[in-house]
Amino acid sequence: MVAVTPTADAPTAAPPNARRRPGGRPVLRLLILVAIVAVVLYPLIWMVGTSVKSQEEIVNNVGLLPERFTPGNYTAGWSNFDVSFGRFFLNSAMVSLLTVVGNGLSCLLAAYAFARLRFRMRGMWFAVMIGTLLLPQHVLIVPQYILFRTLGLVGGEWPYLPLLIPQFLATEAFFVFLMVQFMRGVPRELDEAARIDGAGPYGIFRHVILPLSRPALVTTAIFSFIWTWNDFFRQLVFLSQLEDYTVPVALTLFIDSTSQSAVGPMFAMSVLSLLPVFLFFVAFQRMLVEGINTSGIKG
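For the sequence shown, UniProt numbering assigns the number 1 to the initial residue and increments by one for each residue that follows.
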């Protein structure tokens, strides 16, 4: 019996599980993603293009690119008021950074109490805190204004106190909940080991919880900065002097009741106002994703 060996030219049978993947599917996905990105970025690109258009061209030309490049909108917007627009940037930066510090400290301490300490009616108080998430900001702004007005803090020597005091009192229930969810994922065996070494509640917080809470703190800092920088309503209510205005409030001054509008400079300053938020997000993007993934907020 002679064994027959296949020659090099003999075709080999394809495995039964082998399937041909359609070559056009990756291209279709890429086209869909490009279309989505174009739709999302179109308003931003249009705003950047409008910031270098003249006043007449803004009305007549709705395209993305300007027919005549007008970079003078940036210099005009920067010095359009009696106060330089850089003052508004400094005010926004100060309020945003102090809000980051206030939310980070107060919400971390409140979350540690809810997640690690035992006290009477802890569950009820935690439910009340979560319930405050259901209250819209517009409902709370009136009693807050009356309270701070009664205390003489509205329009005083330090007009930013009504904006900052609540942040140092753990009034942001979202951040408290985020940190509570994170701390519940920290093994309690670490607390027991620290307690055996003689650490009390403050020692456990200082040497165990605080070092491990870095992702949650970074997430809180990023969201606090972005939300405060873009906040308009609360800052409009509590700030009354021009030199105290922040960037969102100052942008409304380009269009006044006398119909004297400076749309080009307004768009130019709007573009500049996006840069701190963009740079802040890019710098801490990796930490933001890590903090969300480890804080119990998963899609």
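Glycine residues also receive a C-beta, built at the ideal position from the N, C-alpha and C atoms. Predicted model only: the values in this text are computed from it and were never measured.
- By the Cβ-count criterion, Tyr-202 is exposed, with fewer than 16 other Cβ atoms from all chains shown falling within 10 Å of its own Cβ.
- Residue Glu-243 holds the alpha-carbon nearest to the alpha-carbon of Pro-159 among Val-128, Ala-250, Gln-167 and Glu-243.
- The C-alpha of Pro-187 lies about 11 Å from the C-alpha of Leu-212.
- Distances from the alpha-carbon of Leu-164 to those of Leu-153, Phe-148 and Thr-99 put Thr-99 closest.
- Taking a cut-off of 8 Å for Cβ pairs, the stretch 246–257 and the stretch 75–89 touch, as three or more such pairs fall below it.
- With respect to the 7 Å criterion, Tyr-74 and Ala-194 are not classified as neighbours on the basis of their beta carbons.
- Between Asp-191 and Pro-276, the alpha-carbon positions lie close to 39 Å from each other.
- Counting only residues of its own chain and dropping the five nearest sequence neighbours on each side, Leu-153 has a CB closer than 7 Å to the CB of Leu-161 and Pro-162.
- For Ala-194, the uninterrupted alpha helix (DSSP H) run begins and ends at 189–196, by DSSP.
- Annotation for Ser-51: no alpha helix (DSSP H) segment contains it, and DSSP assigns it neither H nor E.
- Just so you know, the alpha carbons of Pro-26 and Gln-181 end up roughly 38 Å apart.
- Non-local beta-carbon contacts of Ser-54 in its own chain, meaning distances under 7 Å to residues more than five positions away in sequence, involve Arg-68, Thr-70 and Gly-264 in chain order.
- Bounds of the alpha helix (DSSP H) holding Tyr-202 are 201–204.
- Sixteen is the threshold: when 16 or more other Cβ atoms of the shown chains lie within 10 Å of the Cβ of Asn-80, as they do, the residue is buried.
- Taking C-alpha positions only, Phe-254 is separated from Ala-76 by approximately 11 Å.
- Following the DSSP letters along the chain, one finds Ala-170 in no alpha helix (DSSP H), marked with neither H nor E.
- With the rule of 3 Cβ pairs closer than 8 Å, the stretch 118–133 counts as touching the stretch 165–176.
- Taking 7 Å as the cut-off, the beta carbon of Ile-45 is found no closer than this to the beta carbon of Leu-65.
- Scanning its chain for C-beta atoms nearer than 6 Å, with the 5 sequence neighbours on each side dropped, one finds around Val-208 the residues Leu-190 and Ala-194, in chain order.
- Remark: C-beta atoms of Ile-222 and Phe-284 approach each other more closely than 7 Å.
- Non-local beta-carbon contacts of Gly-102 in its own chain, meaning distances under 7 Å to residues more than five positions away in sequence, involve Leu-164, Gln-167 and Phe-168 in chain order.
- Scanning Thr-50, Gln-137 and Gln-241 for the CA closest to the CA of Glu-157 turns up Gln-241.
- Contact check for Phe-280 against Phe-233 fails: the beta carbons are separated by 7 Å or more.
- Rounded to whole angstroms, Ala-262 and Gln-137 show a C-alpha spacing of 31 Å.
- For Arg-214, the enclosing alpha helix (DSSP H) stretches over residues 214–230.
- Assignment of Trp-125 by DSSP, reduced to helix, strand and coil, places it in the helix class.
- By the beta-carbon neighbour count (other beta carbons within 10 angstroms, threshold 16), Leu-251 is buried.
- In the DSSP assignment, Thr-150 falls within the unbroken alpha helix (DSSP H) covering 137–150.
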